[in-house]
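K.L.:
Below you'll find the structure I mean.
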Amino acid sequence: MSRVSINLLRTPVAHALLLLMVAFAWSPVAHAESLLIQADRLLDVETGEISPDARVLVVDGKIVGINPESIPQDARIVDLGDRTLMPGLIDSHVHLTSSGDDFTREILTENAAQAAMRGAESARVTLMAGFTTVRDLAQLIPSTTLIAVALADASDKGWIPAPRIITAGHALSITGGQIDPAMWVGSAEGILNLGPENGIADSIDELIKATRYQIKHGAKFIKIAVTGVMSQHGIAGVQQYSEQEIRAVVEEATRHGIRVAAHAVGAAGINAAIRAGVTSIEHGWMFDDESIRLFKKNGTYLVPTTRVAGVISLESPIVVPNLAKVAAAGVKIAMGSDASVTRHGDNANEIVAMVNLGLTPLQAIQAATIGAADMLGRPDRGRVQPGLLADLIAVDGNPIEDIRALANVAFVMKGGKIYKQPD
Ligand SMILES: [Zn+2]
0 MSRVSINLLR TPVAHALLLL MVAFAWSPVA HAESLLIQAD RLLDVETGEI SPDARVLVVD
60 GKIVGINPES IPQDARIVDL GDRTLMPGLI DSHVHLTSSG DDFTREILTE NAAQAAMRGA
120 ESARVTLMAG FTTVRDLAQL IPSTTLIAVA LADASDKGWI PAPRIITAGH ALSITGGQID
180 PAMWVGSAEG ILNLGPENGI ADSIDELIKA TRYQIKHGAK FIKIAVTGVM SQHGIAGVQQ
240 YSEQEIRAVV EEATRHGIRV AAHAVGAAGI NAAIRAGVTS IEHGWMFDDE SIRLFKKNGT
300 YLVPTTRVAG VISLESPIVV PNLAKVAAAG VKIAMGSDAS VTRHGDNANE IVAMVNLGLT
360 PLQAIQAATI GAADMLGRPD RGRVQPGLLA DLIAVDGNPI EDIRALANVA FVMKGGKIYK
420 QPD
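For the sequence shown, numbering that gives the first Met the number 0 assigns the number 0 to the initial residue and increments by one for each residue that follows.
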């Protein structure tokens, strides 16, 4: 490059022009792509209807037409053949940065960078299993860095193959409560004395501080551990926060336009959390008649994480209620695998388990699509409809006839980008 052009580049106007040129060259608009996705079947997750010979037109990451009369000349055709096309699945309860193989070792030995690497791999296998959105509900690694926020950012930027991630950062828990990492590792006094940055909060002031810290650092949901279940003391499901404390968290989060999920197992805690205005009850296994009344009255979602109940060891085993009865009573249900306690990538087995517990295949699919999207406050996903995000999957077989089809995801698209397709 000549001395003259170097000098030109040094002028502010030339520099701005150069930046504009670079920005234009990298602009996604410059790479606009039209894709026509064809499959023998398309599942409407609202009605359960299967329409034959479906064609979905995707432009710039969005669904723009279903069986359109005309398609752009340059549209690339992806023919999925004898498969069922449907919206990408949503898992409303995962912990990407934990593997569950050995919580104690991970909590004590992994730093944020290591846990981020682990989380990236968890996110990858989750996406490949057909889950294009997950809600990450709490980080156990005791770093004040919100690791899943970085994963969410990396996913949005296309740095890593991952679902869209909506994370709560650290869960709010009382000292020695359900989601105090010190309790999980059984540490001695003076070790792992964590504070509001790590979600450990013992008063309304501390809860507000903890909530604000998570939101400041990128949490898009708040998780509060209202009861125990696996803490090392107390009875399963005993209430750990007062209704007044839960309400303070909900009010603070709501001021930021953010919703609250409550880990709650026992009826007293479930009912207090619903009255306090949380959006979802996680686990919720020991609810009572009053809980059902409150769930219906407030439109609160239940995320029953049924497979976890069978995995955790307690003195008296947890019995998961029949979900057909719960749904028939008018309780809204969203699907959550609690992956980390269950294996990342096995998420769809929770949908199968929900059918084994009484839901119809369509109800279980709705809990992982339109129900979850509604619970998350994300109406831009969860169904195949023009204007929505092009988050699509295709499975072998027909999941309405056999829900286990969801375990064989052959095609995954997120935001118009194909991450997995049949050979
Ligand atoms: Zn969990």
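Heads up, the beta-carbon is just placed ideally off N, CA and C, and yes, glycines get one too.
Would you mind giving the Cβ-Cβ distance between residue 125 and residue 404, rounded to the nearest angstrom? I have them listed as a contact below 8 angstroms.
P.N.:
The Cβ separation is near 18 angstroms, so there is no contact.
K.L.:
Are residue 411 and residue 392 close, meaning C-beta to C-beta below 8 angstroms?
P.N.:
Yes, the pair counts as a contact, with Cβ atoms nearer than the cut-off.
K.L.:
Return yes when at least one heavy atom of ligand 1 lies under 7 angstroms from the C-beta of residue 136, else no.
P.N.:
It does: the Cβ of residue 136 is within 7 angstroms (strictly closer) of some heavy atom of ligand 1.
K.L.:
Measuring alpha carbon to alpha carbon, tell me which of 299, 296, 361 ends up nearest residue 323.
P.N.:
Minimum Cα distance to residue 323 is reached at 361.
K.L.:
Exposed or buried, what is residue 192 when buried is set at 16 or more other beta-carbons lying within 10 Å of its beta-carbon?
P.N.:
Flag for residue 192 reads exposed.
K.L.:
Considering only the beta carbon of each residue, do residue 150 and residue 118 sit closer than 8 angstroms?
P.N.:
Contact flag set, yes.
K.L.:
What is the rounded straight-line gap between the Cα of residue 247 and the Cα of residue 176?
P.N.:
When rounded, the distance between both Cα atoms is 18 angstroms.
K.L.:
Rounded to a whole number of angstroms, what is the C-alpha to C-alpha distance between residue 32 and residue 162?
P.N.:
Near 21 angstroms, if we compare the C-alpha coordinates of residue 162 and residue 32.
K.L.:
If you count every other CB in all the chains shown that lies within 10 Å of the CB of residue 27, and 16 or more means buried, which is it?
P.N.:
Below a pLDDT of 50, predicted positions are generally treated as unreliable, and residue 27, at 42, falls in that range; the measurement from the model is reported next regardless. So residue 27 counts as exposed.
K.L.:
Is it buried or exposed for residue 408, if we count other Cβ within 10 angstroms and need 16 for buried?
P.N.:
Buried: at least 16 other Cβ atoms inside 10 Å.
K.L.:
Hey, would you say the C-beta of residue 395 is under 7 angstroms away from at least one heavy atom of ligand 1?
P.N.:
Residue 395: no, Cβ never under 7 angstroms from ligand 1.
K.L.:
What are the residues that DSSP puts in a beta bridge with residue 235?
P.N.:
In DSSP, residue 235 forms no bridge with anything.
K.L.:
Whole angstroms are fine: how far does the CA of residue 382 sit from the CA of residue 326?
P.N.:
Going from the Cα of residue 326 to the Cα of residue 382 covers about 21 angstroms.
K.L.:
Excluding sequence positions up to five away, which residues of its chain have a Cβ less than 6 angstroms from the Cβ of residue 219?
P.N.:
165.
K.L.:
Which of the three DSSP states, helix, strand or coil, is assigned to residue 320?
P.N.:
Residue 320 falls in the coil class under three-state DSSP.
K.L.:
Using a Cβ distance threshold of 8 angstroms, determine whether the region 209 to 228 contacts the region 251 to 259, with at least three qualifying pairs required.
P.N.:
Enough Cβ pairs lie closer than 8 angstroms, so yes.
K.L.:
Smallest Cα separation from residue 140: which of 130, 170, 155, 235?
P.N.:
Ranking the options by Cα distance to residue 140, first place goes to 170.
K.L.:
Give the C-beta separation of residue 92 and residue 281 to the nearest angstrom, bearing in mind that I take them to be a contact with Cβ-Cβ under 8 angstroms.
P.N.:
That belief holds up - the Cβ atoms of residue 92 and residue 281 are roughly 6 angstroms apart, short of 8 angstroms.
K.L.:
How big is the Cα-Cα spacing for residue 369 and residue 102?
P.N.:
For residue 369 and residue 102, the distance between alpha carbons rounds to 32 angstroms.
K.L.:
Whole beta strand (DSSP E) runs in the region 225 to 281 with 3 or more residues, listed along the chain?
P.N.:
Here the runs fully enclosed are 258 to 265.
K.L.:
Going straight from the alpha carbon of residue 47 to that of residue 153, what length do you get?
P.N.:
Approximately 34 angstroms, taken between the alpha carbons.
K.L.:
Within its chain, find whatever has a CB closer than 7 angstroms to the CB of residue 389; leave out the 5 residues flanking it on each side and keep chain order.
P.N.:
Here the set comprises 57, 60, 61, 62, 412, 414, 415.
K.L.:
Roughly how many angstroms separate the alpha carbons of residue 269 and residue 297, rounded to a whole number?
P.N.:
Distance between the alpha carbons of residue 269 and residue 297: 13 angstroms.
K.L.:
Nearest by alpha-carbon distance to residue 179: which of 406, 285, 137, 373 is it?
P.N.:
Comparing Cα positions, the closest option is 137.
K.L.:
So for residue 342, helix, strand or coil by DSSP?
P.N.:
Looking at residue 342 - three-state DSSP - the assignment turns out to be coil, as it is neither helix nor strand.
K.L.:
Would you identify the three-state DSSP class for residue 393, choosing helix, strand or coil?
P.N.:
Reduced to three states, the DSSP call for residue 393 is strand.
K.L.:
Could you check if residue 255 belongs to the surroundings of ligand 1, using beta carbon to heavy atom distance under 7 angstroms?
P.N.:
For ligand 1, not one heavy atom lies less than 7 angstroms from the Cβ of residue 255.
K.L.:
Do the CB positions of residue 264 and residue 299 come within less than 8 angstroms of each other?
P.N.:
Result no, Cβ atoms of residue 264 and residue 299 do not sit closer than 8 angstroms.
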